[in-house]
Amino acid sequence: MKNFIIFKFNTFELKMTELEGKDIAIVGAGVVGLSTALSLQEEFPLANVTIFADKFNDETLSSDAGGIFRPDINVHDDAERVRTWCKDSLVHFMDIIKSSNSSQAGIQLVSGYHLSSIFSSFKNKLVEDLLPDWRKLNEKDLKLFPVQLKGGQFYTAPVVDCRYYLPWMKSKFEENGGTIIKKHISKFEEISEDYCIIVNCTGLGAKDLLQDDMLTPIRGQTIKVKAPWIKHFYYSDDVYIIPGVDYVTLGGVKDYGNWNMKVNKYQQQYIWNTCIELIPSLEKAEILYHWVGLRPYRPSVRVDAIFVPYRDGYRMIVNNYGHGSHGVALSWGTAQEAKRIVKQIITRQNLPLSKL
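So the sequence shown is numbered by our numbering: it starts at 16 and just counts up by one.
Written as structure tokens, this is what we have:
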């Protein structure tokens, strides 16, 4: 692991007091990168914001995410930070749902069931606290399904279809005057010194950019099917069924440390058979395609600022990556924290510095 030298903030001379006419670079254009770029535009409307990425929209990992807001408190060791991220994301998604932008952004409210054949009771405090219609299922509820179940929950949550959401955000970014540069960044030195702030939203790419040994892939595999009669989401033990705008996602797989991007036919068959056992009508669904993706997992999602070697000196980088399978759910919330860090840099307030 590369050791980056960390300085106290007051040793770093930032040659500006405001961002008017200044340049900000975002590296990465997945759901986290686009959320961060839009957040910075909203906070600093006079700044010039540029996104550097080699993949956009349906080329990204985010585009095929199930996209349900089902947060997990264990994504970071600071529970209050996680709660803030989740609240900020939920408010953002609900604001879109309540607006005329909902259809274009591909965000809708979907009710559904989280089921277990193993546990009669299980907890997700974030879901219970943040989603107002959460309730525990009773015996009569569990008999709605053709499989033996011991417990479950019902709630309504935003589902974000990133095949719509990413292009919608990208269009908003460009309408706000943002610049898009299609380029793979293999080291930060490739980004001009004209950019006073660089925000790293590269997901798994940060493993090479920062030599972050704590970052590892979680291989995911899903089946996309056409099944317009599916109106609810379903989680049951290790599979899920999530309706989007144009298709339903059947998943899933969580293979830690697996870099293989090929479809595993045994996992594919397991997902298909298990989802049909839960919802038999899916047997008549048209299979559209199979998907494999590598989610950027880190024991704690990384949102901070560091100094990294840059040419003959050092450069401050703001990080926002390592969301694992919760990128969509946390995206707007961690973007708000990244924005606050950028603001602290500019106003020279208590800057949270860290190192790998």
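Ideal placement from N, C-alpha and C gives every residue a C-beta, glycine not left out.
- In the same chain as Ser131, and ignoring 5 residues on each side of it, the C-beta atoms closer than 8 Å to its own belong to Phe137, Leu164, Lys165, Gly166, Gly167, Ser251 and Asp252, in chain order.
- Under DSSP, Phe248 shares a beta bridge with Gly127.
- In this structure, the straight-line span from the alpha carbon of Ala353 to that of Asn335 is close to 7 Å.
- Between Val268 and Val240, the beta carbon gap of about 16 Å keeps them out of contact (Cβ cut-off 8 Å).
- Arg310 is not a Cβ neighbour of Gly328, given a cutoff of 7 Å.
- Look at Ile360 here: in three-state DSSP terms it is helix.
- Remark: fewer than three beta-carbon pairs, one from each stretch, lie closer than 8 Å, so the segment 285-300 and the segment 136-156 are not flagged as touching.
- Linking Ala120 to His91 through their CA atoms gives a straight-line distance of about 28 Å.
- Rounded to whole angstroms, Ser104 and Leu303 show a C-alpha spacing of 30 Å.
- In terms of Cβ geometry, Pro60 and Ile122 do not form a close pair [threshold 7 Å].
- The count of Cβ pairs closer than 8 Å, one atom from the segment 73-89 and one from the segment 198-212, stays below three, leaving the stretches out of contact.
- For Ser340, there is no enclosing beta strand (DSSP E), as DSSP gives it neither H nor E.
- When rounded, the separation of the alpha-carbon atoms in Ile195 and Val64 is 9 Å.
- Per DSSP, Cys216 lies in no beta strand (DSSP E) segment and is marked neither H nor E.
- Less than 7 Å divides the Cβ of Tyr312 from the Cβ of Thr231.
- For Lys241, the pairing in a beta bridge is given by DSSP as Glu301.
- Where Ile112 is concerned, there is no enclosing beta strand (DSSP E), although the alpha helix (DSSP H) around it starts and stops at Ala94 to Ile112.
- If you draw a straight line from the Cα of Asp110 to the Cα of Arg326, it is about 43 Å long.
- The beta carbon of Leu293 is closer than 8 Å to those of Leu130, Phe160, Pro161, Val162, Tyr249, Ser251, Val254 and Ile256 in its chain, skipping five residues each way along the sequence.
- When DSSP states are grouped into helix, strand and coil, Pro182 belongs to the helix group.
- Under the three-state reduction of DSSP output, Pro314 falls in the strand class.
- When rounded, the separation of the alpha-carbon atoms in Lys185 and Ser315 is 27 Å.
- Assigned with DSSP and collapsed to three states, Ala80 falls in coil, not helix or strand.
- When Cβ pairs closer than 8 Å are counted between the two stretches, the segment 94-101 is seen to touch the segment 340-350, the count reaching three or more.
- Rounded to whole angstroms, the separation of the alpha carbons of Tyr281 and Leu181 is 31 Å.
- Bounds of the beta strand (DSSP E) holding Leu265 are Val263 to Gly266.
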